[in-house]
Amino acid sequence: MIVAEVVGSTAAIGYGLAAIGPGVGVGLVFSAYIQATARQPESSRLTLPFVWIGFAVIEALALLGIAFGFIWAG
33 MIVAEVVGST AAIGYGLAAI GPGVGVGLVF SAYIQATARQ PESSRLTLPF
83 VWIGFAVIEA LALLGIAFGF IWAG
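Here the sequence shown stands for residues 33 to 106, where the numbers follow this note's numbering.
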């Protein structure tokens, strides 16, 4: 029987899996903006700041995830 050993940081694997969430979130934010702009083009300048705020919050959470991964790893 062959037993495989995991060598290295499992935090990197965990963050790699956790990065899927922010990727999906950013996609949802921008797709909602594109749909809203397509439905009502005159509101594009009004809703654009909210898109960037949402993008920044999602990316901040992703960066916190990688920071905590390195902190807890060791």
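C-beta atoms are modelled at their ideal positions from N, C-alpha and C, and glycine is treated no differently.
- The alpha-carbon of A94 is positioned some 29 Å away from that of S75.
- Nearest to I85 by C-alpha distance, out of G101, G97 and V61, is V61.
- Within the model, the alpha-carbon separation for P73 versus G46 is close to 40 Å.
- Linking A36 to T79 through their CA atoms gives a straight-line distance of about 51 Å.
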